[in-house]
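Counting from 1 along the sequence shown, just add 154 to a position and that's the residue number in our numbering.
Contents: one structure, followed by commentary.
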Amino acid sequence: MSYLAVQPDFIATAAADLSEIRAAIAAASAVATAPTTGLVAAAADEVSEACANLFNTYANEYQAFIRQVSEFHDDFVRTVAAAGIAYAETEIANAGGTAASVAAAAAPLATAISDPATTYTIVMGASGYPIPAVDYIDDLAALYIFPWRTIGANLRGLNTPEGLYPLTGIKDLTLNDSVARGLTILDRPGRLILHPSR
155 MSYLAVQPDF IATAAADLSE IRAAIAAASA VATAPTTGLV AAAADEVSEA
205 CANLFNTYAN EYQAFIRQVS EFHDDFVRTV AAAGIAYAET EIANAGGTAA
255 SVAAAAAPLA TAISDPATTY TIVMGASGYP IPAVDYIDDL AALYIFPWRT
305 IGANLRGLNT PEGLYPLTGI KDLTLNDSVA RGLTILDRPG RLILHPSR
């Protein structure tokens, strides 16, 4: 699937640059108009008059061509600017719709997490420190939870094996056994919190 990335500010810059090109074409055309149109014959003979008419015809055709180019260029600049505006308006409309959809989808979650009775913080001990003390739990909550969450949090300490031999050097459990037991222990409070009736 291909994607199109458009930046409206770049489109606006391109439209401004195109307008400058149009101004340069108009200035060059104005400078060229006087010396190339209205040539008079160098002499009263037929050849001089034919040459003057030939150059005047080319000059008039050039001026007509420049007018067409200028009209096309003006239309092109307007089209580019309109495309940028249309794209920006579409992006704004889509962003508004997306924000509303996200807000609607997140509303039940926001309601659930704003209720102090449903907000829990489970603190596990570090490796080699499997039973978190009350002051350890309170310090963690003060540093990492309460600065961002103003509602109450049910703080729970969770005793897990934390036998991480490569880091602690204590060979009471292998890493796999420690992780398996820790997940089993962590699963029970999670289930009780999410489904208290079970």
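For each residue, glycine too, the CB sits at the ideal point set by N, CA and C.
Under the 10 Å beta carbon count, Ile-165 is surrounded by 16 or more other beta carbons and is classified as buried. For Val-185 and Asp-163, the gap between their C-alpha atoms comes out near 33 Å. Contact annotation: Asn-214 and Thr-191 have beta-carbon atoms nearer than 8 Å. Here the C-alpha atom of Thr-275 lies approximately 37 Å from the C-alpha atom of Asn-248.
With 16 or more other Cβ atoms inside 10 Å of its own Cβ, Thr-314 counts as buried. By the neighbour-count criterion, in which 16 or more other beta carbons inside 10 Å mark a residue as buried, Ala-287 falls on the exposed side. Taking one beta carbon from each stretch, the segment 175-182 and the segment 217-237 have 3 or more pairs nearer than 8 Å; the two touch. By the neighbour-count definition (other C-beta atoms within 10 Å, threshold 16), Ala-178 is an exposed residue. With 16 or more other CB atoms across the displayed protein chains lying within 10 angstroms of its CB, Ser-332 is buried. By the criterion of a C-beta distance shorter than 8 Å, Leu-172 is surrounded in its chain by His-227, Phe-230, Val-231, Val-234, once the five residues flanking it on both sides are discounted. Rounded to whole angstroms, the gap between the alpha carbons of Asn-207 and Ser-224 is 25 Å. Val-288: member of the alpha helix (DSSP H) spanning 288-294, first to last residue.
DSSP, read as helix, strand or coil, puts Leu-327 in coil.
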